[in-house]
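Novice:
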Amino acid sequence: MSDNPVVDGFSAQELRQHVVATTERYPTRLAGTEHVRLTAEYCVEAMRRSGLEASVHSFPGLVSFPRETHVDLAGPGARRVRAMTLGHSAPTPEAGVEAEIVDAGGGSAADFRRLDVGGRIVLVDTLSGPGRQEKQRLAALHGAVGYIGINWGHPADETLPYGSVKPGWGNPSPASTRGEAAVLPCVGVSRAEGERLRARLREGPLRACLHTRVANPWRPVQVGVGTLRGRTDDFVLVGGHIDSWEGPQATDNATGMACMLELARVFAPHRGKLLRGLEFGFWVGHETGTMIGSSWYADRHWRRLQRHAVAYLQIDQPGCAGATQWGATSNTELRGFQERVDKQWTEGRPWSWRRALKIGDTSFFGAGVPMLSGLATFDAGTLRQTANATLGAWHHTVENTLDKVDWDALAMHLRVYGAYLWELCTAPILPMAFGGVAEEIVRRLDELAGSGAPLPLDEIAAEARRFRAGVARLDAWIEAGGAAAHAGAVNASLKRLSRLLIPVTHTVRGRYGHDTYGLSAQTAPLPGLHGLGDWAAEAAGTPEWVGQEIDFLRQRNRIGDALAEAVDEIERCLGAAG
Numbered sequence: 003m004s005d006n007p008v009v010d011g012f013s014a015q016e017l018r019q020h021v022v023a024t025t026e027r028y029p030t031r032l033a034g035t036e037h038v039r040l041t042a043e044y045c046v047e048a049m050r051r052s053g054l055e056a057s058v059h060s061f062p063g064l065v066s067f068p069r070e071t072h073v074d075l076a077g078p079g080a081r082r083v084r085a086m087t088l089g090h091s092a093p094t095p096e097a098g099v100e101a102e103i104v105d106a107g108g109g110s111a112a113d114f115r116r117l118d119v120g121g122r123i124v125l126v127d128t129l130s131g132p133g134r135q136e137k138q139r140l141a142a143l144h145g146a147v148g149y150i151g152i153n154w155g156h157p158a159d160e161t162l163p164y165g166s167v168k169p170g171w172g173n174p175s176p177a178s179t180r181g182e183a184a185v186l187p188c189v190g191v192s193r194a195e196g197e198r199l200r201a202r203l204r205e206g207p208l209r210a211c212l213h214t215r216v217a218n219p220w221r222p223v224q225v226g227v228g229t230l231r232g233r234t235d236d237f238v239l240v241g242g243h244i245d246s247w248e249g250p251q252a253t254d255n256a257t258g259m260a261c262m263l264e265l266a267r268v269f270a271p272h273r274g275k276l277l278r279g280l281e282f283g284f285w286v287g288h289e290t291g292t293m294i295g296s297s298w299y300a301d302r303h304w305r306r307l308q309r310h311a312v313a314y315l316q317i318d319q320p321g322c323a324g325a326t327q328w329g330a331t332s333n334t335e336l337r338g339f340q341e342r343v344d345k346q347w348t349e350g351r352p353w354s355w356r357r358a359l360k361i362g363d364t365s366f367f368g369a370g371v372p373m374l375s376g377l378a379t380f381d382a383g384t385l386r387q388t389a390n391a392t393l394g395a396w397h398h399t400v401e402n403t404l405d406k407v408d409w410d411a412l413a414m415h416l417r418v419y420g421a422y423l424w425e426l427c428t429a430p431i432l433p434m435a436f437g438g439v440a441e442e443i444v445r446r447l448d449e450l451a452g453s454g455a456p457l458p459l460d461e462i463a464a465e466a467r468r469f470r471a472g473v474a475r476l477d478a479w480i481e482a483g484g485a486a487a488h489a490g491a492v493n494a495s496l497k498r499l500s501r502l503l504i505p506v507t508h509t510v511r512g513r514y515g516h517d518t519y520g521l522s523a524q525t526a527p528l529p530g531l532h533g534l535g536d537w538a539a540e541a542a543g544t545p546e547w548v549g550q551e552i553d554f555l556r557q558r559n560r561i562g563d564a565l566a567e568a569v570d571e572i573e574r575c576l577g578a579a580g
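Using our numbering, the first residue of the sequence shown is number 3, and each one after it goes up by one.
1. So is Q524 buried or exposed if we call it buried at 16+ other beta carbons inside 10 Å?
2. Closer than 8 Å is the cut-off here; do at least three beta carbon pairs connect the segment 81-89 with the segment 305-313?
3. If I follow the unbroken beta strand (DSSP E) through G376, where does it start and stop?
4. On the premise that G376 lies in contact with G133, defined as a C-beta separation below 8 Å, what is that separation, rounded to the nearest angstrom?
5. My parser needs the alpha helix (DSSP H) runs of 4 or more residues fully inside the segment 24-52; what are they?
6. Anyone know if the C-beta pair for T253 and C322 falls short of 7 Å?
7. Work out the CA separation of A33 and T71 for me, nearest whole Å.
8. Taking C-alpha atoms, which residue in L534, V506 and L17 lies nearest to A260?
9. Spatial neighbours of A389 within its chain, please: CB distance less than 7 Å, with the 5 preceding and 5 following residues excluded, ordered by chain position.
10. With M86 as the anchor, note down where its alpha helix (DSSP H) starts and where it stops.
11. To the nearest angstrom, how far is it from the Cα of N6 to the Cα of D301?
12. Contact check, V506 vs I552 under 8 Å by CB: the rounded distance?
13. Comparing C-alpha positions only, which one of P157, F269 and Q557 sits nearest to G279?
14. If you measure between the beta carbons of A146 and R122, is that distance less than 7 Å?
15. Would you mind sorting R475 into buried or exposed? The rule is 16 or more other CB atoms within 10 Å of its CB.
16. Assuming L276 and T428 form a contact by the criterion Cβ under 8 Å, report the distance between their Cβ atoms to the nearest whole angstrom.
17. Compute the distance between the beta-carbons of T290 and T94, then report whether it is under 7 Å.
18. Please name the residue in W298, A541, F282 and V83 whose C-alpha comes closest to that of E197.
19. Give me the Cα-Cα distance between F469 and S354, rounded to the nearest whole angstrom.
20. Do you know offhand how far G108's Cα is from G165's?
21. Use the C-beta contact count for V104: other C-beta atoms within 10 angstroms, 16 or more gives buried, fewer gives exposed.
22. Out of Y422, H303 and R356, state which residue places its alpha-carbon closest to the alpha-carbon of R342.
23. Under 8 Å: do the segment 223-243 and the segment 40-56 share three or more Cβ pairs, one atom per stretch?
24. Only counting the same chain, and skipping five residues up and downstream in sequence, which positions put a Cβ closer than 7 Å to that of E401?
25. Less than 7 Å between the beta carbons of E281 and T229, yes or no?
26. Can the beta-carbon of F12 be found closer than 7 Å to that of L416?
27. Does DSSP put A463 in a helix, in a strand, or in coil?
28. Could you tell me the distance, in whole angstroms, from the CA atom of L125 to the CA atom of T30?
29. Beta carbon of L207, beta carbon of E102: below 7 Å?
30. If you measure between the beta carbons of L54 and A266, is that distance less than 7 Å?
31. Could you have a look at S453 and say whether DSSP puts it in helix, strand or coil?
32. Could you tell me whether the Cβ atoms of V185 and A330 are closer together than 7 Å?
33. Can you list, in chain order, the residues of its chain whose CB lies under 6 Å from that of V418, leaving out five sequence neighbours each side?
34. Go ahead and pull the three-state DSSP assignment for L54.
35. Thinking A391 and L385 are a contact (beta carbons under 8 Å), I'd like their distance in whole angstroms, please.
36. Under DSSP, the beta strand (DSSP E) around I150 begins and ends at which residues?
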């Protein structure tokens with residue numbers, strides 16, 4: 003028995019039943035189809051049986067239905083290559099798009115800068131460099147006319163991959179339709195085919211004719227939402243997607259849905275002990291809409307998120323067979339809390355942490371809600387053998403079947419999630435610490451100051467150091483127990499610090515917009531200043547240079563304002579406590 007009253011209440015049988023029911027009753031859960039509607043209803047009915055308030059919400063979503071297609075290789079050894087159109091790909095004319103293929107490696111910004119891809123079809127690794135959506139966006143910016151993505155997996159794997167290339171986050175607005183739609187015809191090929199193509203390219207130039215088969219319609223889509231109220235209006239949001247690709251898709255994300263339903267069942271009898279409630283979001287349009295469901299929720303629950311959300315737990319793809327380590331992801335203010343919980347509940351697995359990025363259903367950075375997620379991960383040797391298949395060589399293929407689930411590991415994931423949520427819902431003082439956030443900001447500004455860019459950063463660097471000093475006082479006071487008598491005010495200040503800082507440390511567009519999926523700028527803190535060094539190397543005074551200067555000045559001002567308000571918030575908190 004543990005000292006956590008929910009962890010001992012989980013049922014392995016209930017967990018397994020949900021996974022089996024989802025994969026067998028509703029395989030091929032494509033957004034905009036009957037199976038997704040039925041899956042949403044299944045989740046809502048399960049939450050109602052557990053005593054939650056729950057409902058299905060239906061609304062229009064821009065989705066995609068890609069089909070198998072082909073690429074015709076020209077020249078010596080001409081042949082036809084099997085391929086899968088990628089979701090939201092641009093259609094090709096009946097004759098296809100013909101061009102020379104160029105190997106663009108991982109499809110990063112650096113890869114495209116070193117190559118001439120104009121008028122060519124790029125060949126890229128799927129899981130090296132940025133996500134598919136960002137690879138497509140970068141390739142189009144550099145003048146490519148087509149995209150071939152090589153699947154992960156073992157060198158001999160012939161399985162075709164599914165995936166989407168739509169950069170725009172959520173349903174498009176008129177502005178994002180113009181600037182954020184996928185504009186290239188895009189397909190995926192198997193790992194083995196990718197290796198053959200690369201071998202052929204090493205022999206000399208290769209031309210190909212690429213064909214896509216895809217429909218990108220608006221369809222009704224469904225989100226399930228369940229609420230377990232606590233003793234205050236504050237809550238933790240728990241989310242995972244219900245849509246997937248063709249086949250059972252056991253670990254993507256039937257296992258995640260099962261964890262969420264079992265968490266709802268076990269937490270419900272303890273609602274009277276919860277200082278903060280739980281809200282469960284079963285998102286749709288994750289795969290073929292680029293986070294339609296979670297962004298829909300963010301737009302429609304904005305004020306409630308602003309006032310009362312303390313954290314977002316994302317549950318996506320737990321329980322992958324063969325994953326023997328543990329990977330933690332969070333906003334930095336939750337890192338210490340997450341590490342402490344993980345070390346207690348992950349059975350001694352090697353542990354790693356990474357700073358949260360805007361990938362997956364992280365639709366809440368604009369609202370300033372910190373997120374966390376945790377998954378069993380594969381060791382380095384396995385990743386080398388499978389071309390960095392971080393979610394299993396079967397991920398986004400028809401081979402994602404029930405045998406890919408490690409049931410014991412899935413139960414461990416559930417215990418970890420239960421431990422996260424119990425503390426987040428019951429701790430008198432929220433388990434957040436901003437010392438690491440301050441260090442990240444100071445370190446990043448120091449790096450940028452050395453870029454040679456003619457943009458003065460002294461003022462916001464000084465503000466960042468004031469913030470670091472204030473955070474040190476705040477964290478020390480909380481650690482010493484001084485905050486216990488002022489829990490309400492302290493928690494309000496901790497939430498406020500996240501609201502102020504996450505939009506500048508994790509986004510370019512800020513509070514009310516969404517950056518495109520996997521935007522390269524987000525790989526470092528303060529992404530609004532990404533590219534400062536490249537700008538410094540350009541010829542000053544050109545229209546492009548002046549335009550970038552305006553953008554950088556505004557980003558600098560946005561960061562400075564957030565830091566100044568954060569310093570003021572800390573002073574108010576400490577001052578009110580005497």
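Glycine included, each C-beta is placed from N, C-alpha and C at the ideal position.
Specialist: Answer, in terms of the structure:
1. Buried, since its Cβ has 16 or more Cβ neighbours within 10 Å.
2. Verdict: no, contact absent.
3. For G376, the uninterrupted beta strand (DSSP E) run begins and ends at M373 to T379, by DSSP.
4. About 20 Å separates the two Cβ atoms, so there is no contact after all.
5. Runs of the alpha helix (DSSP H) inside the segment 24-52: 36-51.
6. Going by C-beta atoms, T253 is nearer than 7 Å to C322.
7. So the two alpha carbons sit approximately 21 Å from each other.
8. The shortest C-alpha separation from A260 is found at L17.
9. Within the same chain, Cβ atoms closer than 7 Å to the Cβ of A389 are found at D127, L129, W154, G155 and R193, the five residues on either side in sequence being excluded.
10. Not the alpha helix (DSSP H): M86 falls in the beta strand (DSSP E), residues R81 to T87.
11. Cα to Cα, the separation comes out at about 34 Å.
12. Here V506 is actually not in contact with I552; their C-beta atoms are around 18 Å apart, not less than 8 Å.
13. Comparing Cα positions, the closest option is F269.
14. Yes, these two residues count as a Cβ contact at 7 Å.
15. Label assigned to R475: exposed.
16. That belief holds up - the Cβ atoms of L276 and T428 are roughly 6 Å apart, short of 8 Å.
17. 7 Å or more divides the Cβ of T290 from the Cβ of T94.
18. Relative to E197, the option among W298, A541, F282 and V83 whose CA is nearest is V83.
19. The straight-line gap from Cα to Cα measures roughly 27 Å.
20. C-alpha of G108 to C-alpha of G165: approximately 16 Å in a straight line.
21. By the Cβ-count criterion, V104 is buried, with 16 or more other Cβ atoms from all chains shown falling within 10 Å of its own Cβ.
22. Residue Y422 is the option with its Cα nearest to R342.
23. Yes: the two stretches touch, three or more of their Cβ pairs being nearer than 8 Å.
24. In the same chain as E401, and ignoring 5 residues on each side of it, the C-beta atoms closer than 7 Å to its own belong to T161, in chain order.
25. Result yes, Cβ atoms of E281 and T229 sit closer than 7 Å.
26. Yes, the Cβ-Cβ distance between F12 and L416 is below 7 Å.
27. Note: A463 maps to helix in three-state DSSP.
28. Between L125 and T30, the C-alpha separation is close to 28 Å.
29. Correcting the residue identity first, residue 207 is Pro in this sequence and not Leu. Against a cut-off of 7 Å, the Cβ pair of E102 and P207 comes out as a contact.
30. Going by C-beta atoms, L54 is nearer than 7 Å to A266.
31. In this structure, S453 counts as coil in the three-state DSSP scheme.
32. Result no, Cβ atoms of V185 and A330 do not sit closer than 7 Å.
33. Cβ neighbours of V418 beyond the five flanking positions: W347 and G376.
34. Coil, per DSSP.
35. That pair is a contact at about 7 Å.
36. Taken as a continuous stretch (DSSP letters only), the beta strand (DSSP E) holding I150 covers G148 to I152.
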